[in-house]
């Protein structure tokens, strides 16, 4: 099997921001030529597939400036420095929806855009929700909380109100869970 | 329902690159305060879930500099300016694997990282592959082609050789397809 490694020859930091940093690296390609890689550094994130006693999925509606539109997603947020992903998932669920849970399990993780970014999302599942109170979002975060059935979520995927990877994955996870349990 | 819109007050281009551009925007938040949004602009991408006559998924192994490791993904690539996503999907499949196909259908699209990027991936499915020849990759693209059963792909997700959103979604798509067809 061919060696695919790309060695860093030089690295320039273009931007250091609140959420992302941007680097441009010159690399040595497997054929010994040089290439350029644009790399967004991100602290990583968590997302929670949270199912109520009625079998509905907790979702949040949020304006996403990069898309210039509002979409409906499962609760999620970025990792604080050094934060444990499970603790982060419980914190984000509480902050965005006002729910805690008795137990929460990992259902995998994935890189969102491995071609240009190192963002890794840790995905969790819970169906042991306990309503604690109202949402307590960050000062620059504005969201509406929704409870959505799997069929409603599939409709929302059709008309692109749901339109992001982690939520599409989670809806399919529920579909597969139901198909297997039948 | 609360109005969640964030109006752009000012916009600064930080970087213009080969694959991505970076902007920082000052926005007016729903509570009339100001906030900052870091936004990566990306041309969009396609990915192809391509299944052979033997029921195996075509995958490509590729070094991903942002992750500093090699992962296994379904064939994918970014859209050229003005390119039709379906045409792009057929082109990328041919370039990366040497396969054409008799028909290819859309199985949805999703934003990979709506918090900081506008990258939209269009996902296609084909099971009518025709081997045409060898791969013909871009000059800075080095990949190995693999044929992977759904069970092997699930194992690869467990040990994180498969570790990106579009491929995880596609493996689950096949699992659901098999579960429903049973």
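Protein chains in written order, with full-length UniProt numbering: chain A, 1 to 182; chain B, 1 to 182.
All C-beta atoms, glycine included, are put in the ideal place defined by N, C-alpha and C.
Remember, predicted model here, so these are calculated numbers, not experimental data.
Which complete alpha helix (DSSP H) runs does the UniProt domain "Nudix hydrolase" (40-170) of chain A hold, if anything under 4 residues is left out? Annotation: the UniProt domain "Nudix hydrolase" (40-170) of chain A contains the following complete segments of the alpha helix (DSSP H) (minimum length 4 residues), in chain order: 85-97, 150-158.
How long is the line joining the alpha carbons of residue 161(A) and residue 98(B), rounded to whole angstroms? Locating residue 161(A) in the first chain gives position 161, counting from the first residue. Locating residue 98(B) in the second chain gives position 98, counting from the first residue. Straight-line Cα distance between these residues: approximately 36 Å.
Would you say residue 125(B) lies against chain A (beta-carbon separation less than 8 Å)? Within the second chain, the letter at position 125 stands for residue 125(B). For residue 125(B), the nearest beta carbon of chain A is not closer than 8 Å to its own beta carbon.
Just checking, does the segment 9-26 of chain B make contact with the segment 49-67 of chain B on the three C-beta pairs under 8 Å criterion? Segments in contact, no.
For residue 1(B), count neighbouring C-beta atoms within 10 Å of its own C-beta (all shown protein chains included) and say buried if the count is 16 or more, exposed if not. For the purposes of this step, residue 1(B) is taken as the residue at position 1 of the second chain. Note that residue 1(B) scores a pLDDT of 46, beneath 50, so its modelled location is shaky; the value from the coordinates is reported in the next line. Exposed is the call here.
When the Cα of residue 59(A) is compared with those of 182(A), 158(A), 150(A), which residue comes out closest? Within the first chain, residue 59(A) is the residue found at index 59, counting from 1. If we check each option's Cα against that of residue 59(A), 150(A) comes out closest.
Could you tell me which chain B residues have their CB closer than 9 Å to the CB of residue 159(A), listed as they occur along the chain? Residue 159(A) sits at position 159 when you count from the first residue of the first chain. By Cβ distance, chain B contributes nothing, its closest Cβ being about 12 Å from residue 159(A), past 9 Å.
Kindly say whether residue 135(B), judged by its beta-carbon, lies nearer than 8 Å to any beta-carbon of chain A. Here the question's residue 135(B) lines up with position 135 in the second chain. Under the 8 Å criterion on CB atoms, residue 135(B) is classed as non-interfacial with respect to chain A.
Which class does residue 6(B) belong to by DSSP, given the choice of helix, strand or coil? By 1-based counting over the second chain, the position of residue 6(B) is 6. Reduced to three states, the DSSP call for residue 6(B) is coil.
Whose Cβ in chain B lies nearer than 8 Å to the Cβ of residue 18(A)? Reading the first chain from its first residue, position 18 is the one you call residue 18(A). Annotation: Cβ neighbours of residue 18(A) in chain B (cutoff 8 Å, chain order): 36, 38.
Let me know if residue 9(A) comes out buried or exposed under the rule of 16 or more other beta-carbons within 10 Å of its beta-carbon. Taking the first residue of the first chain as 1, we reach residue 9(A) at position 9. If you draw a 10 Å sphere on the C-beta of residue 9(A), you find fewer than 16 other C-beta atoms in it, and that means exposed.
Between residue 177(A) and residue 136(A), what straight-line distance do the alpha-carbon atoms span, to the nearest angstrom? Locating residue 177(A) in the first chain gives position 177, counting from the first residue. Locating residue 136(A) in the first chain gives position 136, counting from the first residue. Answer to the nearest angstrom: the Cα atoms are 31 Å apart.
Using the beta-carbon of each residue, which ones in chain B are nearer than 8 Å to residue 172(A)? For this step, residue 172(A) is matched to residue 172 along the first chain. Chain B residues near residue 172(A): 169, 172, 173, 176.
Grab me the residues of residue 28(B)'s own chain with a C-beta within less than 7 Å of its C-beta, minus the 5 sequence neighbours each way, in chain order. Numbered from its first residue, the second chain carries residue 28(B) at position 28. The residues are 6, 7, 9, 34.
Check whether the Cβ of residue 85(A) lies closer than 8 Å to any Cβ atom in chain B. As a position in the first chain, residue 85(A) is number 85, starting the count at 1. So, not an interface residue.
What are the boundary residues of the beta strand (DSSP E) that includes residue 22(A)? What you label residue 22(A) is simply residue 22 of the first chain in a count that begins at 1. Where residue 22(A) is concerned, the enclosing beta strand (DSSP E) stretches over 21-28.
According to a CB-to-CB cut-off of less than 9 Å, which residues of the segment 91-117 of chain A neighbour chain B? With the criterion set as a beta carbon lying under 9 Å from some beta carbon of chain B, the members of the segment 91-117 of chain A are 108, 109, 110, 111, 112, 113, 114, 115, 116, 117, in sequence order.
When we look at the beta-carbon of residue 153(A) and count the other beta-carbons within 10 Å, is it buried (16 or more) or exposed? Residue numbering aside, residue 153(A) sits at position 153 when the first chain is read from its first letter. In summary, residue 153(A) is buried, with 16 or more beta-carbon neighbours lying within 10 Å of its beta-carbon over all protein chains present.
Please confirm whether residue 72(B) and residue 123(B) have their CB atoms less than 8 Å apart. Your numbering for residue 72(B) matches position 72 in the second chain. Your numbering for residue 123(B) matches position 123 in the second chain. When the beta-carbon positions are compared, residue 72(B) and residue 123(B) stay at least 8 Å from each other.
Please confirm whether residue 50(B) and residue 129(B) have their CB atoms less than 8 Å apart. Along the second chain, read from residue 1 onward, the residue named residue 50(B) stands at position 50. Along the second chain, read from residue 1 onward, the residue named residue 129(B) stands at position 129. Less than 8 Å divides the Cβ of residue 50(B) from the Cβ of residue 129(B).
Would residue 100(B) and residue 132(B) qualify as a contact pair, given that the criterion is a beta-carbon distance under 8 Å? Here residue 100(B) corresponds to residue number 100 of the second chain, with the count starting at 1. Here residue 132(B) corresponds to residue number 132 of the second chain, with the count starting at 1. Yes, Cβ-Cβ distance for residue 100(B) and residue 132(B) is below 8 Å.
In the structure shown, what three-state DSSP assignment does residue 33(B) receive? Stepping through the second chain from its first residue, residue 33(B) is reached at position 33. DSSP places residue 33(B) in coil when its eight states are reduced to three.
So for residue 177(A), helix, strand or coil by DSSP? Taking the first residue of the first chain as position 1, residue 177(A) is located at position 177. Residue state, collapsed to three classes: helix.
On a CA-only basis, which of 65(B), 117(B), 140(B) is nearest residue 69(A)? Give me that one, please. Taking the first chain and counting its residues from 1, the one referred to as residue 69(A) is at position 69. Nearest C-alpha to residue 69(A): 117(B).
So residue 47(A) packs on residue 111(B), CB below 8 Å; how close in whole Å? The count along the first chain starts at 1 and reaches residue 47(A) at position 47. The count along the second chain starts at 1 and reaches residue 111(B) at position 111. With 8 Å as the limit, residue 47(A) and residue 111(B) do not qualify as a contact, their Cβ atoms being about 13 Å apart.
Is it the case that the Cβ atoms of residue 43(B) and residue 78(B) are separated by a distance below 8 Å? Within the second chain, the letter at position 43 stands for residue 43(B). Within the second chain, the letter at position 78 stands for residue 78(B). It is a contact, given that the beta carbons lie within the stated cut-off.
With 8 Å set as the bound, which would you pick, yes or no: does the beta-carbon of residue 74(A) sit closer than that to a beta-carbon of chain B? Along the first chain, one-based indexing puts residue 74(A) at 74. No - not a single Cβ of chain B is within 8 Å of the one on residue 74(A).
Using a threshold of 8 Å, state whether the C-beta atoms of residue 184(A) and residue 18(A) are closer than that. The structure shown does not extend to residue 184(A), since chain A spans only 1 to 182, so no value can be given for it.
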